[in-house]
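Note that my numbering has the sequence shown beginning at 36, numbered continuously upward. Ideal Cβ positions, reconstructed from N, Cα and C, are used throughout, including at glycine.
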Amino acid sequence: MASADSLSKLLRCPETRQELRPLDDSKLDELNEAIRAGELHNHAGDEVEQTLDAGLIREDDAVVYPIRDGVPNLLIDDRIPLKDSD
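As structure tokens, then:
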């Protein structure tokens with residue numbers, strides 16, 4: 036069975052195939068503050084209403100894929116853009 040660390044090295048962005056890495060605690064706190072304030076929207080334009088337990092950030096630091104209840108959500112529409120270009 037693969038360890039969590041080796042498994043995380045296999046995870047890729049489904050759109051660009053870039054590597055994903057765990058989101059650091061300070062950025063996670065920042066995103067959760069924005070969610071609680073109703074200021075965060077996903078790629079589809081929907082307001083993100085549920086805070087994140089963790090996240091996977093894309094190699095280019097442009098998007099975060101949410102993790103809730105230990106399960107990464109790699110759906111493109113559910114990812115959270117961090118830059119205006121995405």
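Query	Result
Output the distance between the C-alpha atoms of Arg52 and Asp96, rounded to the nearest integer angstrom.	13 angstroms
Which of the three DSSP states is assigned to Ser120 in this structure?	Here the model assigns Ser120 a pLDDT of 45, short of 50, so the residue's position is not dependable and the matter cannot be decided.
Between which two residues does the beta strand (DSSP E) containing Leu55 stretch?	Leu55 to Pro57
Which class does Leu87 belong to by DSSP, given the choice of helix, strand or coil?	coil
Can you check whether the CB of Ile111 is closer than 8 angstroms to the CB of His78?	yes
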